[in-house]
Structures are given as C-alpha cells and as structure tokens.
Amino acid sequence: MSPLRRSCIRSLPLLLASVTAAHAIDLPTRKAGLWELKMVRPGSAIDEVAMQHCTDEATDKKMTSSFQPMANEACSKQDTQKTPTGYVTDSVCNIAGMSTTSRAEITGDFNAAYSVKVTSHQDNPLPGVPKDATMTLDAKWLGPCKDGQRPGDIVMPGGIKMNIADIEKLKALMPKSK
Numbered sequence: 024m025s026p027l028r029r030s031c032i033r034s035l036p037l038l039l040a041s042v043t044a045a046h047a048i049d050l051p052t053r054k055a056g057l058w059e060l061k062m063v064r065p066g067s068a069i070d071e072v073a074m075q076h077c078t079d080e081a082t083d084k085k086m087t088s089s090f091q092p093m094a095n096e097a098c099s100k101q102d103t104q105k106t107p108t109g110y111v112t113d114s115v116c117n118i119a120g121m122s123t124t125s126r127a128e129i130t131g132d133f134n135a136a137y138s139v140k141v142t143s144h145q146d147n148p149l150p151g152v153p154k155d156a157t158m159t160l161d162a163k164w165l166g167p168c169k170d171g172q173r174p175g176d177i178v179m180p181g182g183i184k185m186n187i188a189d190i191e192k193l194k195a196l197m198p199k200s201k
C-alpha cells in the first residue's frame, strides 16, 4: 500500500470528525465554485494532502445528508456549539475498532476561506499511528469550477477524481462500528 493511501486511511477518523463538525448543525453552505482543500497532518507519512472540490448549494446539502448518518452511527457523542469566531464540536467516534475523541474548531467563512482544526486522541490506534494527532483542513475558494467539472467533483493527489454523488462507494469502504 502506498504511503499516500495509508495516510488517507489513517486520516479517515480525523476527516470524519471535521465533516461531522462542519455539518452537525445548520451551517451556511459554501459559496458555489471550486474550493482548494489542504489537509495538514504534522508528523504523518505525508504531511500535507491537497485536493480540489467543485461544489454548489445542492452538493453541500447532499454531503450533509450523506455523511451525517455515517457519523451518527459511528459517533456516540457529537456536541456542536456556536462560538464568537465560528463553531466547535466535541465528538467521540468508533471507526474500525478505534475509539477517537476529537475536538474540531471551525473558523472563517464559507464564501472565501475557512479552517477546521481537529485535535484527537485514540485509545487503541493502529500500529504506527500516534495516540494523539492534529489535523488542519484549510479551505480556500478559487473561483468558478473548471470547464468539464460538475458539482461534487473532487480531484485528489495523483489526479484521482471522484464525485461526491458516488458517496455510497465511500460508505462501503468505511468499516462498520460495533
């Protein structure tokens, strides 16, 4: 398995925490167009992963409705509060037998740029995965989607492309929690 793929798999609990935080309560939808998303995980095999996401209001709402049931199933706690600078979510999730306690802090706006900082602790991490981790997701609006892109298209490292409409495929990859 490539280091990039291992890094992405190890990032799933943190990424789920950031998506859960972003959609656990009604937040504004992101401005339609192309967003650059940079996921930074200091100390991991690949410190930074960048991707682009073409979105619109319907796509953001679909992400909410697709990820929230998965988060509800995997997470025994999802407490989101509005703060003076954004939102904060405290969660406890069990994914693939890994119990993860996370705090996600969202700052910025959904028209130009926002940031999600997730700190987490895993009680029983996979070998080689630290018990404590930090991940930051920085999102920046780039402008209209590129020619040929449709809302939901995500371009990942290595040119791998998928569409969020194919979320059922992603759900099938997620291990069922016990």
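In this text, residue positions in the sequence shown follow the numbering used here: the first is 24, and each later residue adds one.
Note that the Cβ used here is the ideal one computed from N, Cα and C, for glycine as well.
Check: Inter-stretch contact at 8 Å, needing at least 3 Cβ pairs: the stretch 143-154 / the stretch 166-174; Outcome: no
Check: Opening and closing residue of the beta strand (DSSP E) in which T17 lies; Outcome: The structure shown does not extend to residue 17, since the chain is modelled only from 24 to 201, so the question has no answer here.
Check: Nearest neighbour of K163, chosen from N186, A136 and N95 [CA to CA]; Outcome: A136
Check: Residue burial classification, R173 (beta-carbon count within 10 angstroms, cutoff 16); Outcome: exposed
Check: Beta-carbon spacing of A127, R64 below 8 Å; Outcome: no
Check: Bounding residues of the beta strand (DSSP E) (the contiguous stretch that carries K154); Outcome: No beta strand (DSSP E) contains K154, which DSSP labels as neither H nor E.
Check: Any 3 or more C-beta pairs closer than 8 Å across the stretch 103-118 and the stretch 66-86; Outcome: no
Check: Distance CB(P165)-CB(V139) smaller than 8 Å; Outcome: Pro is not the amino acid found at residue 165; the sequence shown has Leu there. The answer is no: Cβ separation not under 8 Å.
Check: Within 8 Å, strictly: CB atoms of G175 and C77; Outcome: yes
Check: Bridge partner(s) assigned by DSSP for L165; Outcome: Note: L165 sits in no beta bridge, so no partner.
Check: 8 Å contact criterion, which S125 and V141 should meet: CB distance rounded; Outcome: 6 Å
Check: Any C-beta of chain B under 8 Å from that of A136; Outcome: In the structure shown, chain B cannot be found, because there is only a single protein chain.
Check: Neighbour-count burial assignment, S114, 16 or more Cβ in a 10 Å radius; Outcome: buried
Check: Reference T108, options T130, G120, I118 and N186, closest by Cα; Outcome: T130
Check: Collapsed DSSP secondary structure at K142 in the structure displayed; Outcome: Note on residue identity: the sequence assigns Thr, not Lys, to residue 142. In this structure, T142 counts as strand in the three-state DSSP scheme.
Check: Separation of H144 from V152, as counted between CA atoms; Outcome: 11 Å
Check: Member of I187, A188 and I177 whose CA lies at the smallest distance from the CA of V72; Outcome: I177
Check: Pair within 8 Å by beta-carbon distance, L57 and M74; Outcome: no
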